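In what follows, a structure is listed as structure tokens, so that the remarks can point back to it.
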Amino acid sequence: MKKQDFTAKILQNTAVAHNFYKMTLESKGVLFAPGEFFQLSVPGHTLRRPFAPSHSDRNEFAFTYQLVGSGTEKLSSLSPGTELSVIAPLGTGFTLPQSKSCAVLVGGGCGTPSLVLLATELQTRNIPTYTVIGARSACSLLEAESLNYLSERLVITTDDGSEGIKGNTVEGVRSILPEIKERTDDIRLFSCGPVPMLQGLAELAAAEGFTAELSFEERMACGFGACMGCAIRINAPETAEGFVYKRVCQDGPVFDSREIYWN
4 MKKQDFTAKI
14 LQNTAVAHNF
24 YKMTLESKGV
34 LFAPGEFFQL
44 SVPGHTLRRP
54 FAPSHSDRNE
64 FAFTYQLVGS
74 GTEKLSSLSP
84 GTELSVIAPL
94 GTGFTLPQSK
104 SCAVLVGGGC
114 GTPSLVLLAT
124 ELQTRNIPTY
134 TVIGARSACS
144 LLEAESLNYL
154 SERLVITTDD
164 GSEGIKGNTV
174 EGVRSILPEI
184 KERTDDIRLF
194 SCGPVPMLQG
204 LAELAAAEGF
214 TAELSFEERM
224 ACGFGACMGC
234 AIRINAPETA
244 EGFVYKRVCQ
254 DGPVFDSREI
264 YWN
């Protein structure tokens, strides 16, 4: 769908976990593909904030955000009926697998909710889906109920062991790989979350020989490639440096794990 700039009314804005809120907005007919994002205006702030939806239809879309600064603090104070400016859809999303594939979804922290839209699409395509989500503690887990419903199996990891496996999401994926390999050799991993987690998953995918697509969470001032503020390094062995830069907002936010220059 072509990028649109529109005004959307807040329908709901409620706390869903410790320091996390979920906001639902009018969609005005705009639909998102899994992995795409939008830029949202915040009253009193010049720069827009990028967010990825967890739900999208022609009437509304929803997203989850973490209270990390004055912008998100302001968002949490807004009441239903408030109108905000939205630019959407933006970015390049996930490549949906074929019917013979098995999908592994991995979410960390605030990156987890954006995988709900992907899991929903995979379910409609009858793609077997296993999901691993992680958080610092049980009180910070997001969308566990939705992802449990949309997945054949949900694995939860927490840093403090307050729920599920005590450890990280990479360890969570390792715990279910034998079960998945008994089912198929065509494994597709999709992930969104902090960079250290994405790097660990990229290394696991390379070692195990399966494909991984990673969605990067970067600060985006413009959202359409003009400012270069969200650039990341991409492998380019033909150059003297060994890498070139690509923009997360324009060329991503989803990248094949084999593209990323991690050094």
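Position in the sequence shown counted from 1, then plus 3, gives you my numbering. Quick reminder that beta carbons are idealized off the backbone N, C-alpha and C, glycines included. Quantities reported herein were computed from a predicted structural model and do not represent experimental measurements.
1) Glu39: which of Ile90, Glu29, Thr187, Glu86 sits nearest, CA to CA?
2) Grouping DSSP H, G and I as helix and E and B as strand, with all else coil, what is Leu145?
3) Report back the beta-carbon spacing between Val257 and Thr67 to the nearest angstrom; my notes put them in contact at under 8 angstroms.
4) Contact defined as beta carbons within less than 8 angstroms: I believe Gly196 pairs with Gly255. What is the distance between those atoms, to the nearest angstrom?
5) Between which two residues does the beta strand (DSSP E) containing Ala55 stretch?
6) Specify whether the segment 141-160 and the segment 168-177 touch according to this definition: at least 3 beta carbon pairs, one from each stretch, less than 8 angstroms apart.
7) Beta-carbon separation of Val33 and Pro92 under 8 angstroms?
8) Residues in its own chain within less than 8 angstroms of Val19 by CB, not counting five upstream and five downstream?
9) Check each candidate in Arg128, Ser194, Thr134, Glu244 and name the one with the smallest Cα separation from Glu182.
10) Suppose you measure from the CA of Ser267 to the CA of Ser143; what does that come to, to the nearest Å?
11) Using the beta-carbon count (16 or more within 10 Å), is Leu47 buried or exposed?
12) So what does Gln42 bridge to, in DSSP terms?
13) For Tyr264, name the three-state secondary structure that DSSP assigns.
14) For Val158, write down the residues that DSSP places opposite it in a beta bridge.
15) Can you tell me which of the three DSSP states Lys249 falls into?
16) Going by DSSP in three states, Asp254 sits in which element: helix, strand or coil?
17) Is it true that the CB of Ser104 sits closer than 8 angstroms to the CB of Asn129?
18) Which of helix, strand or coil does DSSP assign to Met200?
So, to answer that:
1) Out of Ile90, Glu29, Thr187, Glu86, Ile90 has the C-alpha closest to the C-alpha of Glu39.
2) In the structure shown, Leu145 sits in coil (DSSP, three-state: anything other than H, G, I, E or B).
3) Val257 to Thr67, Cβ: 18 angstroms. No contact.
4) The beta-carbon distance between Gly196 and Gly255, rounded to whole angstroms, is 14 angstroms. This is too long to meet the 8 angstroms contact definition.
5) Careful: Ala55 lies outside any beta strand (DSSP E) and carries neither H nor E.
6) Output reads yes: the segment 168-177 touches the segment 141-160.
7) Their beta carbons are under 8 angstroms apart, which means Val33 touches Pro92 by this criterion.
8) Lys25, Thr67, Leu145, listed in sequence order.
9) The shortest C-alpha separation from Glu182 is found at Thr134.
10) No answer is possible for residue 267: the residues shown for the chain start at 4 and end at 266.
11) The identity of residue 47 in the sequence shown is Gly, whereas the question assumes Leu. Under this definition Gly47 is an exposed residue.
12) According to DSSP, which records beta bridges pairwise, Gln42 is partnered with Pro53, Ile90.
13) Coil.
14) Answer is Val135, bridged to Val158.
15) In this structure, Lys249 counts as strand in the three-state DSSP scheme.
16) Asp254: helix per DSSP, three-state reduction.
17) Going by C-beta atoms, Asn129 is not nearer than 8 angstroms to Ser104.
18) Correct three-state label for Met200: helix.
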